[in-house]
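Asks:
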Amino acid sequence: MKTIWFHMQGYRDLPDDFRDRYESIWVTPPNDELCHSPEVAKYLHWNLDELEMADDLGFDGLGLNEHHQNGYGFPISPNMIATVLARRKSNAALVILGNTLPLYNPPIRVAEEFALLDCLSGGRLVAGFPVGSPMDTTGCYGIPPTQVRPRYYEAHDLITQAWTRPGPFAFNGRFNKLRYVNPWPKPLQKPHPPIWLAGGGSVETWKFATDHDYTYSYLSFMGHKYAKVLMDGYWDSVEKAGMDDNPYRAGFAQLVVVADTDADAERIYLKHLRNFYSKSLYVAPHFAAVPGFMTKRSFEFQLSHRGASAFSFDFKPHEATWKQLVEDSRMVIGGSPDTVAAQIEEAVRNIRVGHLMVILQIQSMDPELTAYSSGLFAEKVLPKIKGIWDKEGYTDRWWPQGATRNQPQVARPAVKAANGEAKVQA
Amino acid sequence: MNTQTAQSVELPGGFAANPVIIKGEGAPVVYLHGPFGQEWDGFLDDLAAHHRVYAPAHAGAEETEDLEQLDGLSDLVIYYDDLFDRLGLEQVDLIGHSFGGMVAAEYAATFRDRVRKLVLIDAMGLWHDDAPVADHLLVSPEKLVKLLFNDPSKPEVKAKLAMPSEREAMNAAIVNRFGALASTSHFIHPIPERGLKRRLRRIKAETLVLWGAQDALVPPSYAAEFVALIPKARAEMIQKAGHVPQVEQRKVVSEHLERFLAR
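Chains as they are written, first to last, in this note's numbering: chain A, 112 to 537; chain B, 764 to 1026.
#1: What do you get for MET191(A), buried or exposed, if any count of 16 or more other CB atoms within 10 angstroms of its CB means buried?
#2: Could you check if TYR291(A) is buried or exposed, using at least 16 other CB atoms within 10 Å of its CB as the buried criterion?
#3: Does DSSP put ALA790(B) in a helix, in a strand, or in coil?
#4: Between which two residues does the alpha helix (DSSP H) harbouring PHE282(A) extend?
#5: Using a Cβ-Cβ cutoff of less than 7 Å, which residues in the same chain neighbour LYS995(B) once the five nearest sequence positions on both sides are dropped?
#6: LYS909(B) to TYR388(A), Cα distance in whole Å?
#7: I'd like to know whether the C-beta atoms of VAL469(A) and THR249(A) end up nearer to each other than 8 Å.
#8: Look at PRO255(A) and HIS821(B) and say whether their C-beta atoms are less than 8 Å apart.
#9: Quick one: what's got a C-beta closer than 6 Å to LEU857(B)'s C-beta in the same chain, skipping five residues either side?
#10: Closer than 7 Å by C-beta to LEU907(B): which residues in its own chain qualify, once you throw out the five before and the five after it? Chain order, please.
#11: Expressed to the nearest angstrom, what Euclidean distance is found between the alpha-carbon atoms of LYS527(A) and PHE170(A)?
#12: Quick one: which chain B residues come within Cβ less than 7 Å of LEU414(A)?
#13: Taking 8 Å as the limit between beta carbons, can you name the residues of its chain near LYS1003(B), skipping five residues before and five after?
#14: Grab me the residues of TYR345(A)'s own chain with a C-beta within less than 7 Å of its C-beta, minus the 5 sequence neighbours each way, in chain order.
#15: Where does ALA273(A) land, buried or exposed, given buried means 16+ other C-beta within 10 angstroms?
#16: Beta-carbon of THR316(A) versus every beta-carbon of chain B: anything under 8 Å?
#17: Could you check whether the Cβ of TYR908(B) sits closer than 8 Å to any Cβ belonging to chain A?
#18: Can you list, in chain order, the stretches of the alpha helix (DSSP H) that have 4 or more residues and sit fully within the segment 126-180 of chain A?
#19: Counting Cβ pairs, one atom from each stretch, are 3 or more of them under 8 Å apart for the segment 208-227 of chain A and the segment 259-273 of chain A?
#20: What number of angstroms, rounded off, separates the C-alpha of SER984(B) from the C-alpha of ASP893(B)?
#21: Please return the same chain residues whose Cβ sits closer than 6 Å to the Cβ of ALA376(A), not counting the five positions on each side in sequence.
#22: Using a Cβ-Cβ cut-off of 8 Å, state whether PRO255(A) counts as contacting chain B.
#23: How would you label HIS1006(B), buried or exposed, when you count the other beta carbons within 10 angstroms and need 16 or more for buried?
#24: Kindly identify the DSSP beta-bridge partner or partners of TYR329(A).
#25: Just checking my contact of ALA872(B) with ARG962(B) at CB under 8 Å: how many whole Å lie between their CB atoms?
#26: Three-state secondary structure (DSSP) at SER1002(B)?
#27: Determine whether the Cβ of PHE398(A) lies closer than 8 Å to any Cβ atom of chain B.
#28: Can you check which of these residues, LYS434(A), ALA226(A), THR372(A), is closest to PRO304(A) by C-alpha distance?
#29: Would you say ALA945(B) lies against chain A (beta-carbon separation less than 8 Å)?
#30: Can you give me the C-alpha to C-alpha distance between ASP808(B) and PRO1008(B), rounded to a whole angstrom?
#31: In terms of residues, what are the limits of the alpha helix (DSSP H) holding GLN272(A)?
#32: Tell whether a beta-carbon distance below 8 Å holds between LEU299(A) and ASP229(A).
#33: What separation, rounded to the nearest whole angstrom, lies between the Cα atoms of ARG516(A) and GLY184(A)?
#34: By Cβ distance, which residues of its chain are closer than 6 Å to GLU773(B), with the 5 residues on each side in sequence left out?
#35: Opposite SER771(B) in the DSSP bridges: which residues?
#36: Take PHE410(A) as the anchor and find which of VAL783(B), PHE941(B), GLU999(B), LEU959(B) has the nearest alpha-carbon.
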């Protein structure tokens, strides 16, 4: 299994009365009241320090994403952050999950920047293509909800053509009219970097994944028990498409906290978990559920199946107990390294996941605590979980060709790094 | 709430049929609804006493996939032109409310001879930074009620806001509202201004601008600007009414309409 150290890049110091004072963590939390540039300057260095630490600790990949105008995570340009990481002499994957395609006009910008990153990193890039949240697309960037998916599909076609067709060629789309598509450069990986999809469980995205043989990552903060119904839906659609059950077709994001003992973990991390769930997931429904973001038919289906979910939470996040968060709901995986390793194995086998994105920096945690949790994870958990799926004989066909860390020696296409150095096996 | 029977009107171009509510006898009047869906409020009954009233659903409200071939207001006015053809209407009196007012004005500026008289009720379509049109899409239900109505405690308003209690009917109402908000925001999100200001001068129809004096969604100051830009226009401000004066002050609105549309 691949373990990706994923940084959400949130705002670490939100006021305690945040929920009473503001309607939403996303779209409208007023910047002058809440987002202080000197703090952000500090966070940006911390974020990069933590990502570089994770690289040094031996995680298979480093994960970044894109969001806008919010305190939960405002990694507005993952490509800029990834450029710093791409410069390091490393053999870890750079998993950008991803660029929110509908927000780029024209989207050849994504084709260009991902190609640049792939070249700079020596072919270590994962090119994530999320549709984007209603908050980012319709809220922050003003795209009519009915145009988000059409723009997404067209951007996907444009970018993949830009990477695979000889330039220059003409692209006559509904939203993009380009006479000369001819990006310099094309990616180092051929035919192009692995494309990963990410979403919150929409049927359209599953079909898009199977249509193109892409991997699908479910980005939730609710844990594997909650994700089970959705992931089963995804695996059903994979089966119906006649494809194999390779767990590397799936990714999952998971909050993880590690300490020397289970009791220590509760003592140290509970306040950070409460803070995260009460503030970061406080998104106003009128920003999160926008009419037109899905088709009328999908909406009708969802409405008529309302209440059918097998799993629900009945606690308030800001007063949640460790037992509720970790033991009962399994929203969070936490405890001693042994506990964490066992719970991770249970989770990834339950929902069949080959790409695990671990979130070890949880909003209000400072770099020291992040280093403690990540260090224990790398030293004592990683060795126990990295062999998951090996004995079943699955290979990861969606891993970047230049990310050679922890990879089998054979059958990897050789990619010469941009700096001329051969990639070294970790 | 639409409790009227609609007539399914087939359209060319691969669009879904439009369920047009038709009632009354007399000269034709077409009513284009606002962003929240097809409706038949009491003032249309008043109007149907002396007119034949046609109340279509907004394009794409029934089938959101229709929006794939509607890329802007110019496509939309052609859609309505096709619809009027199918209804056999040569010339109409056109009433538009809110988003529907914006569409009605665009239509009248494009197909100049097909509109005899034009009524704009709290119409969208213009924008000034010092009087921003509020967001009706990304807003909480509680705040939306305040944006729409001067006095939400009035029985007429309560009746307008009431949802069916039975699950299936409630789901149908929610889906209708979803389709209406999705298909109208397709043309105007996030700011309902697409250059109408430049085209209003072309409107030939005599125009009545009705406006709720307490409209918190589209500020009343826009009434004067519509009047200034449309060659033959006058405004009537409706007191004690918000964005939906035809519901909050049905009698006053109906009297204005009756006088203005009389032949």
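Glycine residues also receive a C-beta, built at the ideal position from the N, C-alpha and C atoms. Values in this document were obtained by computation on a predicted structure and should not be read as measured data.
Replies: With the structure as the only source:
#1: Residue mapping note: residue 191(A) aligns to position 80 of the first sequence, counting from 1. It counts as exposed.
#2: Position 180 of the first sequence, counted from the start, is the residue given in the question as residue 291(A). With fewer than 16 Cβ atoms within 10 Å of its Cβ, TYR291(A) is classed as exposed.
#3: On the second sequence, residue 790(B) is found 27 positions in, with the first residue counted as 1. It is a strand residue.
#4: Taking the first sequence and counting its residues from 1, one reaches residue 282(A) at position 171. No alpha helix (DSSP H) contains PHE282(A), which is instead part of the beta strand (DSSP E) from 280-283.
#5: On the second sequence, residue 995(B) is found 232 positions in, with the first residue counted as 1. Result list for LYS995(B): GLU969, THR970, in chain order.
#6: Working through the second sequence from its first residue, we reach residue 909(B) at position 146. Working through the first sequence from its first residue, we reach residue 388(A) at position 277. Their backbone Cα atoms lie some 31 Å apart in a straight line.
#7: Against the first sequence, residue 469(A) aligns to sequence position 358. Against the first sequence, residue 249(A) aligns to sequence position 138. No, they are not a contact pair.
#8: Stepping through the first sequence from its first residue, residue 255(A) is reached at position 144. Stepping through the second sequence from its first residue, residue 821(B) is reached at position 58. Cβ distance not < 8 Å, so PRO255(A) and HIS821(B) don't count as in contact.
#9: If you number the second sequence from 1, residue 857(B) lands on position 94. Counting only Cβ-Cβ distances below 6 Å, and skipping sequence neighbours, we find VAL793, ALA867, VAL878, LEU881.
#10: Walking along the second sequence from the start, residue 907(B) turns up at place 144. HIS899.
#11: Numbered from 1 along the first sequence, position 416 holds the residue referred to as residue 527(A). Numbered from 1 along the first sequence, position 59 holds the residue referred to as residue 170(A). Bear in mind that a pLDDT of 47 at LYS527(A), under 50, signals an unreliable position, so the number given afterwards is only what the model happens to contain. Answer to the nearest angstrom: the Cα atoms are 21 Å apart.
#12: Residue 414(A) sits at position 303 when you count from the first residue of the first sequence. The answer, in chain order, is ASN934, ILE937, VAL938.
#13: Stepping through the second sequence from its first residue, residue 1003(B) is reached at position 240. Contacts found: ASN913, ASP914, ALA976, GLN977, GLU1011, GLN1012.
#14: Here residue 345(A) refers to the residue found at position 234 when the first sequence is read from its first residue. Excluding positions up to five away in sequence, the list reads TRP317, TYR327, ALA361.
#15: Here residue 273(A) corresponds to residue number 162 of the first sequence, with the count starting at 1. Looking at its Cβ environment, which holds 16 or more other Cβ atoms inside 10 Å, ALA273(A) is buried.
#16: Your numbering for residue 316(A) matches position 205 in the first sequence. False, the Cβ-Cβ gap to chain B never drops below 8 Å.
#17: Residue mapping note: residue 908(B) aligns to position 145 of the second sequence, counting from 1. Per the sequence shown, residue 908(B) should be read as Val rather than Tyr. No, VAL908(B) does not count as interfacial toward chain A.
#18: 129-132, 142-145, 148-168
#19: yes
#20: Here residue 984(B) refers to the residue found at position 221 when the second sequence is read from its first residue. Here residue 893(B) refers to the residue found at position 130 when the second sequence is read from its first residue. Approximately 10 Å, taken between the alpha carbons.
#21: One-based indexing of the first sequence puts residue 376(A) at position 265. Answer for ALA376(A): VAL368, ALA370, GLY445, GLY446, listed in chain order.
#22: The residue given as residue 255(A) occupies position 144 in the first sequence. True, the Cβ-Cβ gap to chain B drops below 8 Å.
#23: Residue mapping note: residue 1006(B) aligns to position 243 of the second sequence, counting from 1. The residue is buried, with at least 16 neighbouring Cβ atoms inside 10 Å.
#24: Indexing the first sequence from 1 puts residue 329(A) at position 218. In the DSSP output, where bridge partners are listed per residue, TYR329(A) has GLY310(A), PHE363(A).
#25: Stepping through the second sequence from its first residue, residue 872(B) is reached at position 109. Stepping through the second sequence from its first residue, residue 962(B) is reached at position 199. Contact holds; Cβ gap of about 4 Å.
#26: As a position in the second sequence, residue 1002(B) is number 239, starting the count at 1. Going by the sequence as given, residue 1002(B) is Gln instead of Ser. DSSP places GLN1002(B) in coil when its eight states are reduced to three.
#27: Position 287 of the first sequence, counted from the start, is the residue given in the question as residue 398(A). Chain B contact via Cβ: present.
#28: On the first sequence, residue 304(A) is found 193 positions in, with the first residue counted as 1. Measuring from the Cα of PRO304(A), the nearest candidate turns out to be ALA226(A).
#29: By 1-based counting over the second sequence, the position of residue 945(B) is 182. Interface residue, yes.
#30: As a first step, residue 808(B) is located in the second sequence; it is residue number 45 there, counting from the start. As a first step, residue 1008(B) is located in the second sequence; it is residue number 245 there, counting from the start. Approximately 15 Å between the Cα atoms of the pair.
#31: By 1-based counting over the first sequence, the position of residue 272(A) is 161. Its alpha helix (DSSP H) spans residues 256-275.
#32: Position 188 of the first sequence, counted from the start, is the residue given in the question as residue 299(A). Position 118 of the first sequence, counted from the start, is the residue given in the question as residue 229(A). For LEU299(A) and ASP229(A), yes; Cβs fall inside 8 Å.
#33: As a first step, residue 516(A) must be located in the first sequence, where it is residue number 405. As a first step, residue 184(A) must be located in the first sequence, where it is residue number 73. About 28 Å.
#34: Translated into the one-based positions of the second sequence, residue 773(B) becomes position 10. So the list reads ALA780, once near-sequence residues are dropped.
#35: Numbered from 1 along the second sequence, position 8 holds the residue referred to as residue 771(B). DSSP output for SER771(B) lists PRO782(B) as bridge partner(s).
#36: As a working note, residue 410(A) is residue 299 in the first sequence. Per the Cα distances, PHE941(B).
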